[in-house]
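As structure tokens, the structure follows; a few thoughts come after it.
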Amino acid sequence: MIKRLSLVMLAFVTFVAVLPPAQAARPGFVFPDICCYYNGAVVRTVVPPAAFPNEGRDNFYVVMGQAIFGVVGVAPGAPGYHGGHWKFHSVTWNVAAYPLTSESAILSAAAAGDVTVTRNAANDFLCPIQP
156 MIKRLSLVML AFVTFVAVLP PAQAARPGFV FPDICCYYNG AVVRTVVPPA AFPNEGRDNF
216 YVVMGQAIFG VVGVAPGAPG YHGGHWKFHS VTWNVAAYPL TSESAILSAA AAGDVTVTRN
276 AANDFLCPIQ P
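As structure tokens, then:
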């Protein structure tokens with residue numbers, strides 16, 4: 156009986172060991188080591204992003220037309236950082252593109268009519284960052 160139980164346990168452990176790891180749903184984009192800008196400085200991701208639609212708390216902007224297209228409004232150590240629960244905003248150009256490396260630069264460009272900022276809650280995601 157004990158030998159049979161041991162064989163069953165061994166078979167179970169072997170089965171579990173070969174299962175692929177469970178992963179959270181990922182958004183349609185994955186960042187390399189370099190993630191985005193925060194106040195002009197480049198920050199990086201800690202883990203791959205996981206989709207959390209409609210759950211974002213901190214502003215994340217995707218600015219197409221620049222090498223590092225992500226711009227975050229807060230980072231670790233800044234007041235109001237919520238661990239990387241990002242509110243997704245797309246930024247589209249109304250003029251020739253120029254570098255935008257901070258939230259204030261994006262908001263200034265929007266106020267000038269250079270860009271249009273569009274909120275897309277379906278693309279909200281979780282991805283902690285490090286400065």
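If you want the working numbering, it's the position in the sequence shown, counting the first as 1, plus 155.
Even glycine gets a Cβ: it sits at the ideal position worked out from N, Cα and C.
By the Cβ-count criterion, P204 is buried, with 16 or more other Cβ atoms from all chains shown falling within 10 Å of its own Cβ. Taking a 10 Å sphere around the C-beta of A196, we find fewer than 16 other C-beta atoms and assign the residue as exposed. In this structure, F207 sits near F280, with a CB-CB distance shorter than 7 Å. G211 sits buried, since 16 or more C-beta atoms from the chains shown fall within 10 Å of its C-beta.
For S263, the enclosing alpha helix (DSSP H) has its first and last residue at E258 to A266. Taking a C-beta distance under 7 Å as the contact criterion, P286 and G238 do not qualify as a contact pair. Where R199 is concerned, the enclosing beta strand (DSSP E) starts and stops at A196 to T200.
A direct Cα-Cα distance of roughly 16 Å separates H244 from G268. Taking 7 Å as the cut-off, the Cβ atoms of V246 and V272 count as close.
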